[in-house]
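Numbering-wise (my numbering), the first sequence opens with residue 113 and increments by one.
The C-beta atom is built at its ideal place from N, Cα and C for all residues, glycine as well.
Report on one structure; see the data block that follows.
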Amino acid sequence: MKYSESLKKNSDFKNVYRNGKSYANRYLVMYVLENGTERNRLGISVSKKVGNSVIRHHLTRLVRESYRLHEDMFQSGLDMVVIARTTAKDISYHEVESALLHLGGLHKITKIDKKKMESF
RNA sequence: CAGGUAGGGCAAAUGAUCGCGGCCCGUCCCAGACGGGGUGAGGAAAGUCCGGGCUUCACAGGGCAGGAUGCCGGAUAACAUCCGGUGGAGGCAACUCCAAGGAUAGUGCAACAGAAAUAUACCGCCCCGCAGUCCGCUGCGGUGGUAAGGGUGGAAGGGCAGUGUAAGAGACUACCGCCUCUCCGGUAACAGGGAGGGCAUAUGUAAACCCCAUCCGAAGCAAGACCGAACAAAAGCGUUUACGUGGCCCGCCAGCUUUAGGUAGGUCGCUUGAGGUGGCUGGCGACAGUCAUCCUAGACAGAUGAUCAUUCCCCUGCUUUGCAGGGUGACAUAACCCGGCUUAUCGCCCUGCCUGCCAU
């Protein structure tokens with residue numbers, strides 16, 4: 113991804129959970145924390161409760177793909193953690209995309225104006 | 001054709017756009033970035049249940065403990081796997097299934113029922129004594145006999161028939177079973193025959209202890225090997241130019257070098273291997289040998305995805321040619337590598353064999 117990298121260390125995850133703000137909808141939960149750099153860092157977490165390895169991998173890929181295709185719309189300098197909820201077990205790409213952008217709107221970290229957001 | 005049985009194979013396809021991990025090549029402002037090329041999950045990658053390779057540690061040799069295996073022979077690096085047999089069970093058959101050593105070394109356990117459960121006399125049968133008697137027998141008693149009959153039980157001291165006896169009993173006899181010895185076929189498990197023992201073993205359980213035979217050192221790639229900042233440590237050198245302690249010197253401190261140590265981090269291990277495919281030879285077969293040919297993922301918080309279109313498949317609805325709508329289109333994601341086992345699985349294809357029916 114051009115402007116972003118992934119969040120890897122457990123301590124980074126913990127930091128975002130403890131100090132970041134969170135919003136949730138039906139399928140996803142998103143934590144956001146400013147990291148003081150130019151780049152965004154994205155972490156994706158899918159619990160074992162959601163499903164087996166195939167389902168979990170598939171969900172992380174869907175989330176990452178949604179983020180990648182809309183990377184330009186997000187502001188920079190953020191640590192983000194996206195958690196998939198069990199209800200997201202068998203949703204399609206388009207539903208993931210819409211859920212992610214909805215959360216972005218709630219956090220007010222997207223660059224597009226609100227009128228455009230409501231069309232999602 | 002129908003039903004069955006055994007085995008093998010596939011695991012939706014094609015294209016376009018965007019994207020990701022290794023590899024190779026090129027360019028540049030060279031810890032990187034960009035461009036191009038090629039490559040990138042499974043039959044079970046799963047469970048982590050066995051067996052091995054590999055690595056480190058331990059180890060003269062022997063024993064104990066503990067664990068595993070358990071009909072025989074073979075295959076193999078090895079196995080709890082596989083192949084071929086033997087025995088038993090099921091099926092008309094093809095074929096399938098079996099934890100299949102020892103209960104005759106010993107110990108334990110066995111609900112309920114039953115008189116009694118490894119030992120027995122409840123009823124019954126018989127004998128003896130006494131009493132009574134309608135002379136059929138009846139009643140009472142016996143440190144009397146008896147396991148044939150009844151009843152209980154999964155199991156009652158081999159089975160069954162006869163002889164025998166007061167009634168009975170391997171007490172005796174035939175057949176079957178068991179045990180011992182022996183002959184013969186087979187590498188063997190075992191099969192077939194003969195003789196003897198009167199039976200000394202005689203309910204089941206060894207995935208109860210146990211006995212017998214054979215095998216087994218431990219931990220795992222987060223194994224392990226190498227490089228190695230920073231901080232701190234030791235030794236050596238050495239300026240008094242700078243900070244602090246001193247009136248001054250030495251010394252401490254500071255600086256440089258070296259040394260181990262091995263942290264963060266990095267590199268290797270890491271994919272060419274008991275390897276795949278095809279042919280030939282040996283073998284009933286598992287498999288072995290040989291020749292040719294191919295190189296086919298190596299991530300390290302972990303790449304292999306998304307969208308769209310067409311076809312295929314499935315589902316639903318209809319006018320059952322077809323049309324419309326719907327469907328993450330089975331299970332399941334490599335993590336050092338192999339050989340197995342077990343479990344999950346939408347559909348579909350191929351082959352051998354058996355039984356039945358029809359036709360020839």
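| Asked | Found |
| --- | --- |
| Candidates Leu181, Tyr179, Arg180 and Ile156: closest to His169 by CA position | Ile156 |
| His137, DSSP secondary structure in three states | Position check: residue 137 holds Asn in this sequence, whereas His was assumed. Here Asn137 sits in coil by DSSP. |
| N- and C-terminal bounds of the beta strand (DSSP E) containing Ser159 | Here Ser159 belongs to no beta strand (DSSP E), and DSSP marks it neither H nor E. |
| C-beta atoms of Tyr129 and His219 nearer than 9 Å | no |
| When Lys161, His206, Glu183 and Val208 are compared against Leu154, the one with the closest alpha-carbon | Glu183 |
| Beta-carbon separation (whole angstroms), Tyr179 vs Leu140, contact threshold 8 Å | That belief does not hold up - the Cβ atoms of Tyr179 and Leu140 are roughly 11 Å apart, past 8 Å. |
| Rounded C-alpha distance that separates Val208 from Val175 | 7 Å |
| Delimiting residues of the beta strand (DSSP E) encompassing Ala314 | This structure gives no information on residue 314, because the portion of the chain shown stretches from 113 to 232. |
| Per-residue burial, Gly189 [other beta carbons within 10 Å of its own, 16 or more giving buried] | exposed |
| Neighbour-count burial assignment, Asn152, 16 or more Cβ in a 10 Å radius | buried |
| Extent of the continuous alpha helix (DSSP H) run through Leu213 | Tyr205 to His219 |
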